[in-house]
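K.L.:
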Amino acid sequence: MIRFDRVSFSYGAGSPLVFDDVSFTIAEAELVVVVGPTGSGKSTLLGMLNGQVPHLSGGTFGGEVTVGGRSVSRHHPRDFADLVGVVVQDPRSSFVASIVEDELVYVMENLGVDRQAMRRRVEDVLDLLSLHDVRDRHVTSLSGGQRQRVAIAAALTASPALLVLDEPTSALDPASAEEVLGVLSRLVHDLGITVVVSEHRLERVLPMADAVLSIAGDTVVLDAPLEAMAHAVLAPPVVELSRLAGWRPLALTVREARRCATALRHDLEALASRPSVSPGLAPSIIARDLHHRFGDQVALDGVSFELARGEVTGLMGRNGSGKTTLLRVLAGAVAPSHGAVWVDGGAPAALAPAARIRAVGLVPQDPSALLYCSSVALECSTADRDAALPEGTTYAWFCSFQPGVDAAAHPRDLSEGQRLCLALAVICAAEPGWVVLDEPTRGLDYAAKTHLAAALAQLAAAGHGVLVASHDVEFVAGLCQRVLVLAEGEIVADGPTREVVCASPIFAPQVAKVLAPLPVLTVAEVANALEERS
Amino acid sequence: MRRRVPRGVHPVAWWVWALVLAMCCDAITNPLVLALMIAGLGAVAVGRRATAAPNHAYVRSVRLGLLLVAIRVLYGVVFGQRTPGTVLLPLPQLGLPNWFEGISIGGPVTLELVLHSCYAGLRLATILICFGAAAELASPARLQATMPAALYELGVTMAIALSFAPELLEAARELRLARALRGRPTTGLRGARGVVVPVLEGAVARSMTLAGSMEARGFGLARTASARERRWSLLQSCAGVSCTVIACFSLLGGALPELVAIVVLCVGVGCVVVALRGYGRRATRTRYRKDPVGWPEVVVGFAAGVTAAGVALQAHLDPAGIAGPSGLELPVAPPLLVVLLAGFVLLALTPPPPLRSEGRRPTAGRVVHA
């Protein structure tokens, strides 16, 4: 299906090689996962599968890529429209039509499919992806999971032999992500479509992958999942657990791991009786009966809670459950329609802008929205001036989060994780009592996530309050001491992380699922417990 | 009467109808007639709009119309020709040099002046609402889908450009919020500089993604024409457009004898049609929806004709009926009102729009989780 033959590529003369002498072959009807650290060239590799790289991106291309017998260098992306379906990272930016049904037919109209066949295929695809009840909807009114399924459907109507997806679940809550991945697995198994998908959160896709394409440096290696995971630097928790417990062959899914884990559960029984310690901290944020609505859409519906400094709190819930609104209310950027919130005794919305950023600093979902200078050094010195701090304070924060970054670099040229750390440094420089992050793990690989978790834990230890809204259950399980779960604008669960996530099939991390009923959340905890025993 | 099968009326029919009504409104300042017009447009828009994805264009255009009336009244108060009568506000008049002949700033504001400005503003508002109703009945996207194959790509470009403006506003709002989080100014020149550049940057990035996605889905796939065919089509369209432009100028300005100008116009239009058909034959695109043309479209056309004839007749027989009152007297109710009403009632003959999705009207804006 796909053949790479001695492929090398670089974005223009002088820039380093993205790939050097890469060769592999992918057979029909396989589900291949592309893994690699942020900025390693996953999107570039996916772009090569329909000629967007190099035809639209530019760059120096060597060797030969053939997809379905067609050479990428001799054909334009549009010539692949009948063969390759592409779903981009943020489908909102790829929608051409405003109504779902029109979006689905777009590719067929371009290919000149006759009307009867179009009608039939639209109905087929709507049924396949269970989209028939949103066929007349405006694409902007869809939920995240529906939007992603519409984008997949729009690529499928041309009956492609290959489907390419770039991080299809990175913006989705766990349930919507399951829904999208379920669709992918069905496409491979029932229709025999070849699927190539890139993904950071391997724990989700690994169970259904036939092969793993690992990018490291400028080389690419195609392996079966077991071999790839045996020596992978980026591995999901269940694989880390198998390595720690020494299971051979490695367990790739929760089900396989659970079968191997009987002995391990027995060893760890002591953990079950360990009482959960509550530090009993004094509340610093008090929210009472918060309500907020946009038009006729209810975002917050009577939310009350108390949060203490010195611990990291996680905020979870599906897309559109009011997490972002709640964070904005806490940061004083949005005044609630009803109810009140006090941060260290003051209402954040009533504070002057300068005082507000000392009370609560919010890192928004897109951290680049906070950055607008042309270099890291300039960004840091602007932040120093804004907060009337001695020169160099922000840069020192940045270095503590992310050492070894060129200060002259443009913020846009940083990797996703580095940019997030810069935004975090800009916010932290004003020494806010609370640091609040909205969906910080989007697009971060395991290493960057570990790095971020360490930085946040360090902030909490220094007496700051930290609140993180996230869909990433593994990240929350590893970092947060307490979790709030929002649904339809109401708090449906509030308590220690261990109790809240272990009780939920959707929010439970892999380790908890493997070792249930033991309340263990991370591989690190297992390692500590084993060490204590020996 | 046989039960009418629900179906949408051809978008071009609605837009032509709205255009005719808008042209009629241009001659009318009688507030009674204009009010009936707005009410009738609203009734048709609500009764015959596509039930899938309502876009609330009518309500938006009414709001915008009210703003337009307010602006027109303000303009009248500041720059309007002073009319004697009941003084509401004795504003001082600004002395202007002689060469500012015909323009006055300030002066006493009379009730007559305000009313007159109101009528003029209402006329502009009604013209706007005509298009609002048309957009509610058949969205510009649907209209674009009916374009001839040769203009298809132009149509797509326009549709995307139209959807782009609201997204830019949304991006700017998000960004201002983020700036506020950093304690930065969000207003004034400094604030604007910090917002405009990243918003435009984001817009360019988004356009590149969209272009990539369109290309990946076969945009621009067309049977390739030979160089000779392409040259010939280009020549035809250039000649056609030049002839049409020249003929239009002469018809308006009188550079050529009228008969010659009309002949040139016909030749020009003919060339353009032939060129478009040539392009269309080469395009391999197919259409998913084909809006049928039948008696409902004839009914809509007839209704437009009735309205236009009524206005023309009223203007010919009794021009006072369509003009707003000049003084404080109440506007008269001309016989035209009956004709207008008939024009709107005729549209009840058109079939109702199809009700899809179990008859449930999707809620716009509210994100429903799957």
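Chains H and E supply the protein sequences, listed in that same order. Heads up: the first sequence at position 251 corresponds to 252 in the numbering used here, and the numbers run straight through without jumps. Heads up: the second sequence at position 200 corresponds to 453 in the numbering used here, and the numbers run straight through without jumps. Cβ coordinates follow ideal geometry from the N, Cα and C atoms, glycine included.
1) Using DSSP with H/G/I as helix, E/B as strand and the rest coil, what is residue 470 of chain E?
2) Under 7 Å Cβ-Cβ, which residues of chain H neighbour residue 427 of chain E?
3) Is there at least one Cβ from chain E nearer than 8 Å to residue 99 of chain H's Cβ?
4) How is the alpha helix (DSSP H) around residue 148 of chain H delimited, first residue to last?
5) So, with DSSP's three-state summary, where would you put residue 297 of chain H?
6) For residue 139 of chain H, collect the residues of the same chain with a Cβ closer than 7 Å to its Cβ; drop the 5 residues on either side in sequence, then sort them by chain order.
7) Using beta carbons (cut-off 8 Å, strictly below), is residue 79 of chain H in contact with chain E?
8) Drop a sphere of 10 angstroms on the beta-carbon of residue 419 of chain H, count the other beta-carbons inside from all chains shown, and report buried for 16 or more, exposed for fewer.
9) Cβ of residue 395 of chain E within 8 Å of Cβ of residue 607 of chain E?
10) Of all Cβ atoms in chain E, is any one closer than 8 Å to the Cβ of residue 549 of chain H?
11) Examine the Cβ distances between the stretch 502–514 of chain H and the stretch 220–233 of chain H and report whether three or more of them are shorter than 8 Å.
12) Go ahead and pull the three-state DSSP assignment for residue 560 of chain E.
13) Mind checking residue 249 of chain H: buried by the 16 CB within 10 Å criterion, or exposed?
14) Quick check on residue 12 of chain H - is its C-beta less than 8 Å from some C-beta in chain E?
15) Please list, in chain order, the residues of the stretch 336–358 of chain H that have any C-beta partner in chain E closer than 8 Å.
16) Is the stretch 390–401 of chain H touching the stretch 469–488 of chain H, taking contact as three or more C-beta pairs under 8 Å?
17) Using only alpha-carbon positions, find the residue among E/277, E/265, E/268 that is nearest to residue 563 of chain E.
18) Roughly how many angstroms lie between the CA atoms of residue 584 of chain E and residue 549 of chain E, to the nearest whole one?
19) How would you label residue 611 of chain E, buried or exposed, when you count the other beta carbons within 10 angstroms and need 16 or more for buried?
20) Could you check the C-alpha separation between residue 281 of chain E and residue 287 of chain E for me, to the nearest Å?
21) Quick check on the DSSP output: what are the complete beta strand (DSSP E) runs of length 3 or more inside the stretch 298–378 of chain H, in order along the chain?
22) What in chain E is Cβ-close to residue 396 of chain H, meaning under 9 Å?
23) For a cutoff of 8 Å on Cβ pairs, would you count residue 334 of chain H as touching chain E?
24) Go to residue 215 of chain H, then tell me how far its beta strand (DSSP E) extends in each direction, as first and last residue.
25) What residues are listed by DSSP as bridge partners for residue 346 of chain E?
26) If you draw a straight line from the alpha carbon of residue 535 of chain H to that of residue 245 of chain H, how long is it in whole angstroms?
27) At a Cβ threshold of 8 Å, is residue 119 of chain H touching chain E?
28) What is the residue span of the beta strand (DSSP E) that residue 508 of chain H lies within?
29) Quick one, which of H/343, H/265, H/384 has its alpha-carbon nearest residue 289 of chain H's?
30) Evaluate residue 267 of chain E with the Cβ neighbour count: other Cβ atoms within 10 Å of its Cβ, from every protein chain shown; 16 or more gives buried, anything less gives exposed.
31) Measuring only between beta-carbons, confirm whether residue 110 of chain H sits less than 8 Å from chain E.
32) Spell out a yes or no on whether the stretch 209–228 of chain H and the stretch 28–39 of chain H are touching, meaning 3 or more CB-CB pairs, one atom from each, closer than 8 Å.
33) Please identify the residue among H/151, H/76, H/519, H/74 whose C-alpha is closest to the C-alpha of residue 180 of chain H.
34) Decide if residue 273 of chain E is buried, meaning its Cβ has at least 16 other Cβ atoms within 10 Å, or exposed.
35) Would you say residue 178 of chain H reaches chain E, if we count a Cβ-Cβ gap shorter than 8 Å as a contact?
36) Less than 8 Å between CB atoms is the rule here; does residue 57 of chain H satisfy it with respect to chain E?
P.N.:
If we stick to the structure as given:
1) Note: residue 470 of chain E maps to coil in three-state DSSP.
2) Those within 7 Å of residue 427 of chain E in chain H are 370.
3) Yes, residue 99 of chain H counts as interfacial toward chain E.
4) 145–157 is the extent of the alpha helix (DSSP H) around residue 148 of chain H.
5) coil
6) 99, 100
7) yes
8) buried
9) no
10) The requested residue 549 of chain H is not part of the displayed model; chain H covers only 2 to 535.
11) no
12) Note: residue 560 of chain E maps to helix in three-state DSSP.
13) exposed
14) no
15) 354, 355, 357, 358
16) Judged by Cβ distances under 8 Å, the stretch 390–401 of chain H makes no contact with the stretch 469–488 of chain H, as fewer than three pairs qualify.
17) E/277
18) 35 Å
19) Confidence at residue 611 of chain E is low in this model, with a pLDDT of 39, below 50, so the placement of that residue should be treated as unreliable; the coordinate-derived value is given next. Exposed: under 16 other Cβ atoms inside 10 Å.
20) 7 Å
21) 298–309, 313–317, 339–344, 361–364
22) Within 9 Å Cβ-Cβ: nothing; residue 396 of chain H doesn't reach chain E, min ~16 Å.
23) Answer yes: the Cβ-Cβ gap between residue 334 of chain H and chain E drops below 8 Å somewhere.
24) 212–217
25) E/359
26) 14 Å
27) Yes - at least one Cβ of chain E is within 8 Å of the one on residue 119 of chain H.
28) It is not in any beta strand (DSSP E) - residue 508 of chain H carries neither H nor E in the DSSP assignment.
29) H/343
30) buried
31) yes
32) Under the three-pair Cβ rule at 8 Å, the stretch 209–228 of chain H counts as touching the stretch 28–39 of chain H.
33) H/151
34) buried
35) Closer than 8 Å: no.
36) yes
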